[in-house]
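A.B. asks:
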Amino acid sequence: MDLYSEIILDHYKNPHNYGKLDNPTISATEDNPLCGDDIQIDLKVENDKVTEVGFSGEGCAISQASTSMLSDKLIGMTLDEIKNFPNEEIYKMLGVQISPGRVKCALLGLVTAKKAAILSQIKK
Amino acid sequence: MILDTETIKKDFPILDQQINGKTLIYLDNGATTQKPKAVIEAITEYYETTNSNVHRGIHSLSEKATKMYEDSRKAVQKLINAKSDREIIFTKGTTEAINTVAYSWGEANIQEGDEIIVTILEHHSNLVPWQQLCKRKGAKLKTVPLKSDLSLDMEAYKFMLSEKTKLVSFTAISNLTGTILPIKEMTKLAHELGAKVLLDAAQMTGHMPTNVADIDCDFMAFSAHKMLGPTGLGVLYGKEELLEEMSPFQFGGSMVVTVGEQNAVWNDLPWKFEAGTPNIAGVIAFHKALDYLQKIGLDNIREHDKELLAYAKEKFSKYKAVKTYSPENPEIASAALSFTIKGVHPHDIASIFNEENVAIRSGQHCAEPLSKVLGVSATARMSFYLYNDKEDIDRAMEALEKTLEIFKIEN
Ligand SMILES: Cc1ncc(COP(=O)(O)O)c(C=O)c1O
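Taken in sequence, the protein lines are chains S and H. The C-terminal residue of the first sequence carries number 548 in the numbering used here, and the numbering is unbroken. The C-terminal residue of the second sequence carries number 583 in the numbering used here, and the numbering is unbroken.
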């Protein structure tokens, strides 16, 4: 019960780091067309470390809130750290029970961030 | 209400479920309907007393199973008023029925430069097979648009039809907006130009009387599971003279009469299209579903759907933040009500409804192109059936209010 905790709704209504970056080092998008979710994450990377994050797109409260929470964490992380970011951390941040049907929503932001990190390393 | 839902509900064991003290309200009938006890028991009874292969034995069990299997085919024939039971082919669903036509009839009859017409309302299962066929053949796929009142743009349809049109394949009822298409008129127009017509009747056969002799479509596809029957079973209807000409789509046992080392001779209709051991238990149980529908009456179900939709629309239109996607004219609206709430993603709507033990669907309902045209990334959908009543919709209303409250949406 109470999937929609205050903190999740708060991030959903006032997402952190929301918007596109002007000159991102790398951008990645992921979508979940069957649900109607799509997310873009822009990263600015300096010396292998993330200095700025912007995320945009549409999605449910769970995918938007988890991406918003994640976006705060990403700042200061190295690309390798992002690639190894455990799913459990996301569940912990959300702080509510995620049913199997909502796992994809909860992890959409993380999957996108990992994709950005990998793309960024390939690009180099 | 025209139907006695209190009695009907008792025939559906699954509806007798409580979570957190609340009874289950099932409003996802567009995806699949629940099964009455008679259907569930027919499956058990078949395996306990009759299980054997059909058309393959002279022992009593096989004879009995074969008779029950073929009786079910006759019941389907009667339901849709086909001329002969040779025109009724059991498939694993609407999807397989449509693919059978695409591979068998389509491969032989569609050529480069030909055109196939579908509508923007199609479920992916009546779209992707034609996209693929057109790619294989160098044919062109055209899509009839919707008008702003969610009815089909018949002027555009007439404009698209030409001598190049070889097939028009369209849904009788949209699973997203519930729009009922003018299927008879569309069929007639297609025939005037020599095109064949396939009707996707997945959302129709369980919701209103269907008469293929009157519609005059050349093919029709539908699924047992959307009309009280088991999953993994559907029907392809085809006019006998067309099926007669067509090559089988799948090859193997049952669909042949004699096989040599290099060649084989096809069996008669309808078995020519039923390769391998079919879903015997499913077919036999489906007969019980048809009996049940007959007992209630498809005319009555149609009236019941109308009544429920009108009630739901009236209730839901009270909320400023709620937008519904359903034709205004009740004569062209079936049993689905898709909606969105400004500021709440459909997934979240369905989650909160679920917490209230009200099962609805969210997403694009396998109709991604239609969602795009409606300008929504997804919608929530309630879809009704014969066991639903106004109290069920009241429960959906409570869930709706809860959603507005949680997301602090003002009204
Ligand atoms: C209009 C329509 N066509 C086709 C289908 C596909 O039916 P099935 O999945 O049973 O093959 C559906 C089911 O969702 C449908 O609603």
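A virtual CB, placed ideally from N, CA and C, is assigned to each residue, including glycine. Please read all numbers here as calculations on a predicted model, not as lab measurements.
Tell me whether H/Gln303, by its Cβ, gets closer than 8 Å to a heavy atom of ligand 1.
C.D. replies: H/Gln303 Cβ: outside cutoff for every heavy atom of ligand 1.
A.B. asks: State the beta-bridge partners of H/Thr204 as determined by DSSP.
C.D. replies: Paired residue(s): none; H/Thr204 is not in a bridge.
A.B. asks: If I follow the unbroken alpha helix (DSSP H) through H/Leu480, where does it start and stop?
C.D. replies: Start and end: 470-488.
A.B. asks: Which residue wins for smallest C-alpha separation from H/Phe184, given the options H/Lys314, H/Leu333, H/Gly401?
C.D. replies: Here the closest residue by C-alpha is H/Gly401.
A.B. asks: So, at 8 Å on beta carbons, what are the nonlocal neighbours of H/Leu233 in its own chain, with the 5 sequence-adjacent residues on each side left out?
C.D. replies: Contacts found: Thr222, Asn223, Ser224.
A.B. asks: Mark H/His231 as exposed unless 16 or more other C-beta atoms lie within 10 angstroms of its C-beta, in which case mark it buried.
C.D. replies: Under this definition H/His231 is an exposed residue.
A.B. asks: Can H/Cys389 be considered in contact with ligand 1, in the sense that its beta carbon sits closer than 8 Å to one or more heavy atoms?
C.D. replies: False, no ligand heavy atom lies under 8 Å from that Cβ.
A.B. asks: Please list, in chain order, the residues of the stretch 474-487 of chain S that have any C-beta partner in chain H closer than 9 Å.
C.D. replies: Residues Glu482, Gly483, Cys484, Ala485, Ile486, Ser487.
A.B. asks: In chain S, which residues lie with their C-beta within 9 Å of the C-beta of H/Ser549?
C.D. replies: Chain S residues near H/Ser549: Pro457, Cys459, Gly460, Asp461, Asp462, Glu482, Gly483.
A.B. asks: Consider the Cβ of S/Tyr428: report whether some Cβ of chain H lies at a distance smaller than 9 Å.
C.D. replies: At least one chain H Cβ lies under 9 Å of S/Tyr428.
A.B. asks: Determine which residues of the stretch 393-404 of chain H have a Cβ less than 8 Å from any Cβ of chain C, and write them out in chain order.
C.D. replies: Among the chains of the structure shown, chain C does not appear; the protein chains present are S and H.
A.B. asks: Looking at H/Ser510 and ligand 1, is the gap between the Cβ and the nearest heavy atom below 8 Å?
C.D. replies: No; taking the cut-off as 8 Å, the Cβ of H/Ser510 has no heavy atom of ligand 1 nearer than that.
A.B. asks: With 16 as the cutoff for other CB atoms within 10 Å, does H/Asp477 come out buried or exposed?
C.D. replies: So H/Asp477 ends up on the buried side.
A.B. asks: When the cut-off is 9 Å and only beta carbons count, does S/Leu433 lie next to chain H?
C.D. replies: Answer yes: the Cβ-Cβ gap between S/Leu433 and chain H drops below 9 Å somewhere.
A.B. asks: Give a yes or no on whether 9 Å exceeds the smallest Cβ distance from H/Pro518 to chain S.
C.D. replies: Yes, H/Pro518 lies at the interface with chain S (some Cβ there is under 9 Å from its Cβ).
A.B. asks: Can you tell me where the beta strand (DSSP E) with H/Trp438 in it begins and where it stops?
C.D. replies: Looking at the DSSP string, the run of the beta strand (DSSP E) that includes H/Trp438 is 436-438.
A.B. asks: Candidates H/Gly515, H/Ser334, H/Ala508, H/Ile473: which alpha carbon is nearest H/Glu287's?
C.D. replies: Nearest C-alpha to H/Glu287: H/Ser334.
A.B. asks: Using beta-carbon positions only, say whether S/Gln488 and S/Leu427 come within less than 9 Å of one another.
C.D. replies: Contact: no.
A.B. asks: Assuming S/Ile465 and S/Ala530 form a contact by the criterion Cβ under 8 Å, report the distance between their Cβ atoms to the nearest whole angstrom.
C.D. replies: Wrong, their Cβ atoms sit about 15 Å apart, outside the cutoff.
A.B. asks: Going residue by residue through the stretch 523-550 of chain H, where are the continuous alpha helix (DSSP H) segments of at least 4 residues, counting only ones entirely within it?
C.D. replies: For the stretch 523-550 of chain H, whole alpha helix (DSSP H) runs of length 4 or above, ordered along the chain, are 540-546.
A.B. asks: Please output, in chain order, the residues near ligand 1 using a CB cut-off of less than 5 Å to any non-hydrogen atom of the ligand.
C.D. replies: Here the residues come out as H/Gly265, H/Thr266, H/Thr267, H/His295, H/Ser297, H/Thr343, H/Asn347, H/Asp372, H/Ala374, H/Gln375, H/Ser395.
A.B. asks: Determine, for H/Gly406, whether the minimum Cβ-Cβ distance to residues of chain S falls below 9 Å.
C.D. replies: No, H/Gly406 lies away from the interface with chain S (no Cβ there is under 9 Å from its Cβ).
A.B. asks: Quick one: does H/Gly535 have its CB under 9 Å from some CB of chain S?
C.D. replies: For H/Gly535, the answer is yes, since a Cβ of chain S falls inside 9 Å of its Cβ.
A.B. asks: Beta-carbon separation of H/Ala447 and H/Gly425 under 9 Å?
C.D. replies: Yes, these two residues count as a Cβ contact at 9 Å.
A.B. asks: Using the C-alpha atoms, what's the distance from H/Thr449 back to H/Val226?
C.D. replies: Roughly 8 Å between the two C-alpha positions.
A.B. asks: Going by the beta-carbon positions, is the gap between H/Ala586 and H/Ile578 smaller than 9 Å?
C.D. replies: Since the first and last residues shown for chain H are 173 and 583, residue 586 of chain H lies out of range.
A.B. asks: List, from N- to C-terminal side, the alpha helix (DSSP H) runs of 4 residues or more that fit wholly inside the stretch 306-377 of chain H.
C.D. replies: The stretch 306-377 of chain H contains these whole alpha helix (DSSP H) runs: 326-332, 355-364.
A.B. asks: Figure out for me which residue from H/Ser506, H/Trp302, H/Lys444 has the closest Cα to the Cα of H/Ala374.
C.D. replies: That would be H/Ser506, whose Cα lies nearest to the Cα of H/Ala374.
A.B. asks: Who pairs with S/Ala452 in a beta bridge, going by DSSP?
C.D. replies: Partner(s): S/Ile465.
A.B. asks: Does DSSP classify H/Gln189 as helix, strand or coil?
C.D. replies: The answer is coil: DSSP assigns H/Gln189 none of H, G, I, E or B.
A.B. asks: So what's S/Ala540 in DSSP terms, helix, strand or just coil?
C.D. replies: Looking at S/Ala540 - three-state DSSP - the assignment turns out to be helix.
A.B. asks: Please work out which residues of its chain come closer than 7 Å, Cβ to Cβ, to H/Tyr241, disregarding the five sequence neighbours upstream and downstream, and give them in chain order.
C.D. replies: Excluding residues within five positions, the ones whose Cβ falls inside 7 Å are Val226, Ile452, Val455, Ile456.
A.B. asks: Which one of H/Ile468, H/Asn253, H/Glu527 has the shortest CA to CA distance from H/Pro208?
C.D. replies: Here the closest residue by C-alpha is H/Ile468.
A.B. asks: Hey, could you find the ends of the alpha helix (DSSP H) H/Thr238 is sitting in?
C.D. replies: Looking at the DSSP string, the run of the alpha helix (DSSP H) that includes H/Thr238 is 232-252.
A.B. asks: What does H/Phe579 touch in chain S if you count any residue whose Cβ is under 9 Å from its own?
C.D. replies: Neighbours of H/Phe579 on chain S, chain order: Tyr428, Leu433, Tyr436, Lys437, Ala485.
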